[in-house]
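S.K.:
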Amino acid sequence: MDRIITAFTDEVHPAYGQIATVDADGHPHVRTVHWRYVTSRNAIGCVCYSDSEKWRHLQLRQVYEGCYFDQTQQMQFRWEGKVELIDGRSAEDQALLSALWEQLRPEVRASYWAQHLHGAPTQPLGAAVNLNERCPMCVAILTIPDRWDIYDINPTNFRQGNRTICTRAGTQWCAEIVSLFFRRG
Ligand SMILES: Cc1cc2nc3c(=O)[nH]c(=O)nc-3n(C[C@H](O)[C@H](O)[C@H](O)COP(=O)(O)O)c2cc1C
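The sequence shown runs 26 to 210 under our numbering.
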């Protein structure tokens, strides 16, 4: 667990990883997001625009797979499980969104506002726009993993890499070391 939290809280090496979602026709879509460990929810989350495809897909079908290769730790993390769509309806969610908004770089915040107000992220913003105020289109995806597939590569000897599957049963986690070529079923 420590290595997971380390991977997703590293501000020097942001966790740019992927989230795969599925559209209404069952077609997969994958794209890069900035994953962060959200301490208050014990979840791995990312911020996105509420009109984005990923958000729409997850509204339709709450299935995803996350993936991140941590170059510092030389580990690949893949995970799946439940998802929570944080749209700011409850006061608790608003507080979480505001905290995540604060972590965004000013130019990212500006792109959200420009898209929201002018339909394009590159449009200039008037001085009236306060970038400290959260854009209403800023939402968050929280992934609550119940399965981790952690691949610890050995850079000098491929065959000495380790792969561990961690599954959750209630509050307990069970870890199993498997072959590098393990497959389900
Ligand atoms: C390094 C990097 C980090 C990114 N981080 C995010 C992010 O945190 N959230 C996000 O919505 N899009 C992020 N993007 C953009 C997405 O990859 C994607 O292009 C965009 O969100 C539209 O995806 P969608 O329409 O399939 O939802 C990032 C792209 C890159 C290259």
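Virtual Cβ for every residue (Gly too), placed ideally from N, Cα, C.
Only a predicted model underlies this, so the values are computations on that prediction, with no experimental measurement involved.
Taking 6 Å as the cut-off, is the C-beta of E36 nearer than that to any heavy atom in ligand 1?
M.R.: Result no, Cβ not under 6 Å from ligand 1.
S.K.: Secondary structure at E211, three-state DSSP: helix, strand or coil?
M.R.: Because the chain spans 26 through 210 in this model, residue 211 falls outside it and cannot be assessed.
S.K.: Hey, quick one: how far does the alpha helix (DSSP H) through T57 stretch, first residue to last?
M.R.: T57 -> not in any alpha helix (DSSP H); beta strand (DSSP E) instead, spanning P53 to V63.
S.K.: Looking at C-alpha atoms only, which residue of L122, G70 and I69 is the closest neighbour of N157?
M.R.: Here the closest residue by C-alpha is L122.
S.K.: Can you say whether L83 is buried or exposed, counting buried as having 16 or more other CB atoms within 10 angstroms of its CB?
M.R.: Buried, by the Cβ-count rule.
S.K.: Secondary structure at P146, three-state DSSP: helix, strand or coil?
M.R.: It is coil, neither helix nor strand.
S.K.: Closest by CA to A200, which one among I178, N187 and Q148?
M.R.: Of the listed residues, the one whose Cα sits closest to A200 is N187.
S.K.: On the DSSP letters alone, give me the boundaries of the alpha helix (DSSP H) that F102 sits inside.
M.R.: Premise fails: F102 lies in the beta strand (DSSP E), M100 to I111, not in any alpha helix (DSSP H).
S.K.: Would you kindly report the start and end of the unbroken beta strand (DSSP E) that includes R193?
M.R.: Taken as a continuous stretch (DSSP letters only), the beta strand (DSSP E) holding R193 covers N187 to A194.
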